[in-house]
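Engineer: In the numbering used here, the protein residues as written are 15 to 258.
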């Protein structure tokens with residue numbers, strides 16, 4: 015590729031590409047794929063994958079017929095880039111780990127960690143046995159201040175397959191909180207917890223952003239034995255953070 019050109023770009027964000035922009039990229043030799051099947055069947059020199067209008071879905075909630083996993087994208091990116099005799103640089107981000115941290119959503123974060131771990135295994139499979147490849151694995155911040163102590167119930171956490179973002183939206187859409195939570199998490203909320211959720215619905219409809227998912231995440235975290243520590247804990251500030 016010409017200096018400065020990206021040869022492989024995979025993810026969401028389709029709404030940011032106009033038809034004219036896509037046509038220019040096709041003229042430059044990029045294959046544009048929209049589904050996992052199209053991605054895995056492609057063999058171009060330059061590759062653009064746009065699988066969702068905005069952000070990719072959480073791994074446990076994605077439609078595998080449409081959205082590839084992070085491991086799928088890592089595999090295909092390496093398969094495409096390894097053809098270059100001069101070598102390549104590839105950056106892979108488990109970006110929605112951060113989203114789950116902002117929401118204080120421990121179960122969803124665990125699912126995103128697992129998806130990231132699978133992508134690492136793909137990269138290791140390529141790098142092992144080679145003397146010309148450096149694999150660097152790192153994190154850029156501790157969003158939410160996740161703390162998993164001895165009281166954490168990991169078995170209950172593993173059974174939750176839905177994000178508080180999705181749960182919260184369904185509750186805002188009028189579905190009964192108690193039934194939804196029991197169906198998707200196996201947990202039965204008590205009267206006090208349900209009252210907190212109902213108050214958060216009123217608060218969010220009154221203009222308080224993310225009130226429902228924040229309340230749900232803290233109710234579920236208490237049940238799961240998971241703590242969200244303030245990043246400035248050592249300075250005596252006790253309020254939990256939703257930031258970095």
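Idealized CB from N, CA, C, for every residue including glycine.
Taking 8 Å as the cut-off, does the stretch 108-127 touch the stretch 153-161 (at least 3 CB pairs, one atom from each stretch)?
Structural biologist: yes
Engineer: Check whether the stretch 162-170 touches the stretch 128-136, taking contact to mean three or more Cβ pairs, one atom from each stretch, closer than 8 Å.
Structural biologist: no
Engineer: Which residues in the same chain as residue 47 place their Cβ atom closer than 6 Å to its Cβ, once the five residues preceding and following it in sequence are excluded?
Structural biologist: For the purposes of this step, residue 47 is taken as residue 33 along the chain shown, with counting starting at 1. Excluding sequence neighbours, residue 47 sits near 53, 56 and 63.
Engineer: Quick check: the stretch 181-195 against the stretch 211-219, are at least 3 beta-carbon pairs closer than 8 Å?
Structural biologist: Per the Cβ contact rule, the stretch 211-219 is in contact with the stretch 181-195 (3 or more Cβ pairs under 8 Å).
Engineer: How far does the alpha helix (DSSP H) with residue 185 in it extend, from its first residue to its last?
Structural biologist: Mapped onto the chain shown, residue 185 falls at position 171. 178-186 is the extent of the alpha helix (DSSP H) around residue 185.
Engineer: Judging by CA-CA distance, which residue of 146, 66 and 60 is the nearest neighbour of residue 100?
Structural biologist: Residue 100 sits at position 86 when you count from the first residue of the chain shown. Closest in C-alpha terms to residue 100, from the list 146, 66 and 60, comes 146.
Engineer: Just curious, the beta strand (DSSP E) that residue 139 is in, first and last residue?
Structural biologist: Counting from one through the chain shown, the residue named residue 139 turns up at place 125. Careful: residue 139 lies outside any beta strand (DSSP E), inside the alpha helix (DSSP H) at 120-141.
Engineer: I need the straight-line Cα distance from residue 206 to residue 236, nearest angstrom please.
Structural biologist: To locate residue 206, count along the chain shown from 1; it is residue 192. To locate residue 236, count along the chain shown from 1; it is residue 222. Their Cα atoms are separated by approximately 13 Å.
Engineer: Whose C-beta lies closer than 8 Å to the C-beta of residue 21 among residues of the same chain, with five residues either side of it excluded?
Structural biologist: Position 7 of the chain shown, counted from the first residue, corresponds to residue 21. Answer for residue 21: 15, 59, 60, 61, 94, 95, 98 and 102, listed in chain order.
Engineer: What would DSSP say about residue 16, mapped onto helix, strand or coil?
Structural biologist: Reading the chain shown from its first residue, position 2 is the one you call residue 16. Low confidence applies to residue 16: its pLDDT is 49, below 50, so where it sits in the model is not reliable, and the reading given next is rough at best. Correct three-state label for residue 16: coil.
Engineer: Could you tell me the alpha carbon to alpha carbon distance between residue 241 and residue 38, rounded to whole angstroms?
Structural biologist: Locating residue 241 in the chain shown gives position 227, where the first residue counts as 1. Locating residue 38 in the chain shown gives position 24, where the first residue counts as 1. In a straight line, the C-alpha of residue 241 is about 49 Å away from that of residue 38.
Engineer: Taking residue 241 as part of the beta strand (DSSP E), name the residues at either end of that continuous run.
Structural biologist: Taking the chain shown and counting its residues from 1, the one referred to as residue 241 is at position 227. First-last of the beta strand (DSSP E) with residue 241: 240-242.
Engineer: Restricting to Cα atoms, I'd like to know which of 111, 162, 110 and 24 is closest to residue 92.
Structural biologist: Along the chain shown, one-based indexing puts residue 92 at 78. Of the candidates 111, 162, 110 and 24, 24 places its Cα closest to the Cα of residue 92.
Engineer: Counting C-beta neighbours from all protein chains within 10 Å, is the total for residue 30 16 or more, i.e. buried, or is it exposed?
Structural biologist: Position 16 of the chain shown, counting from 1, holds the residue named residue 30. Flag for residue 30 reads exposed.
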